[in-house]
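Okay, so the sequence shown: first residue is 377 according to my numbering, each after it adds one. By construction, the Cβ of each residue, glycine as well, lies at the ideal position given by its N, Cα and C atoms. Working notes, beginning with the structure itself.
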Amino acid sequence: MPSRKKTAMFASAFFTCICSFVIICVVLATQHWMSSEVHFSGTNSSVTVSLTYGLFSGTCGQFVDAGLMVSEKTFQVAANLGNTKAKSMITAIIVILVLSLLTSLLSSGFTCTNAVSNPYQTFLGPTGVYTWNSLCGIFVLIDMILFPVNIEENSLSTELARGCFSLLQTHVKSEHIYGYSYWIMLVIIVLNAASIIIIFFYDHSRYSKKKEQERPIENAPKDVILF
377 MPSRKKTAMF
387 ASAFFTCICS
397 FVIICVVLAT
407 QHWMSSEVHF
417 SGTNSSVTVS
427 LTYGLFSGTC
437 GQFVDAGLMV
447 SEKTFQVAAN
457 LGNTKAKSMI
467 TAIIVILVLS
477 LLTSLLSSGF
487 TCTNAVSNPY
497 QTFLGPTGVY
507 TWNSLCGIFV
517 LIDMILFPVN
527 IEENSLSTEL
537 ARGCFSLLQT
547 HVKSEHIYGY
557 SYWIMLVIIV
567 LNAASIIIIF
577 FYDHSRYSKK
587 KEQERPIENA
597 PKDVILF
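If you want it as structure tokens, here you go:
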């Protein structure tokens, strides 16, 4: 059976890992990654398309000069994208988030196992927790970089606006506000870092205690050691 200290430390890390897992599920499920206003100009009037969307779906509304809404509807992100690069990057972001979900789940399993037992394999201990939490944090960070790149480089909001309303003409400008579904990914990174720090302190204290136990033997006189 593990010591009380080990159980407490790994139980704390298990809690942060579970929180990370839940938040990744929220990120995937909610459609508030981006709110955009995309402005178009025509021969006689200008049109603004307002969009709020996530990785899978969203809503869009069309406004004319006076701010009067002409129409509003929901849409599927993949179906609305004609730009192959933008669609491929959205797919990549989803795949990487699923990988972060799996690594978070594995990290939760490892911390739970260590909280109730003493695994024989080295990788099932702190090494495994470091590995899975680091990978989860890296995956989430990659997604936080890829999504803005898709917005700016591939004009994701503009492409979605054109997919919603096909008669739009010349694009003038776009205004973007990142939603909570995007920003809470920072919390996932913080939680992964917290898990690593908790296990590091446990691992360090265990190593220090082991060294202290070895020190009396190293400092003992040779005749005592021989005896």
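Only counting the same chain, and skipping five residues up and downstream in sequence, which positions put a Cβ closer than 6 Å to that of Phe499? none
Using a threshold of 8 Å, state whether the C-beta atoms of Val398 and Leu431 are closer than that. no
If you count every other CB in all the chains shown that lies within 10 Å of the CB of Thr392, and 16 or more means buried, which is it? buried
Could you tell me whether the Cβ atoms of Ile472 and Ile518 are closer together than 8 Å? yes
Taking buried to mean at least 16 other C-beta atoms within 10 Å of its own C-beta, is Asn420 buried or exposed? exposed
Give the list of continuous alpha helix (DSSP H) stretches no shorter than 4 residues that lie fully inside the segment 523-563. 532-540 and 556-559
For Phe523 and Tyr558, believed in contact at Cβ under 8 Å, the rounded distance: 7 Å
By DSSP's criteria, Met410 is part of a beta bridge. Which residues make up the other side? Tyr429 and Tyr554
Could you pull the DSSP bridge partners for Lys449 from this structure? Cys436
Name the two residues that bound the continuous alpha helix (DSSP H) containing Leu500. First-last for Leu500: undefined, no H or E at that position.
Where do the ends of the alpha helix (DSSP H) carrying Asn490 lie? Thr460 to Val492
Return helix, strand or coil for Thr424, following the three-state DSSP convention. strand
Would you be able to state if there are at least three C-beta pairs under 8 Å between the segment 533-540 and the segment 433-453? yes
With 16 as the cutoff for other CB atoms within 10 Å, does Glu528 come out buried or exposed? exposed
In its own chain, which residues sit with a C-beta less than 6 Å from the C-beta of Val414, not counting the 5 before and 5 after it? Val425, Ser533, Thr534, Ala537 and Ser550
What is the DSSP secondary structure of Ser369, counted as helix, strand or coil? This structure leaves residue 369 out entirely; the chain is present only between 377 and 603.
Burial state of Met445 (16 or more Cβ within 10 Å): exposed
Can you tell me whether Ser388 is helix, strand or coil according to DSSP? helix
Are the segment 508-516 and the segment 476-484 touching, with three or more C-beta to C-beta distances below 8 Å? yes
Give me, in chain order, the residues of the same chain whose beta-carbon lies closer than 7 Å to that of Val505; leave out the 5 immediate sequence neighbours on both sides. Ala389, Ser483, Phe486, Thr487, Ser571 and Ile575
Quick check: the Cα distance between Ser412 and Phe386, rounded to an integer number of angstroms? 42 Å
Verify whether the separation of the beta carbon atoms of Phe416 and Thr546 is less than 8 Å. yes
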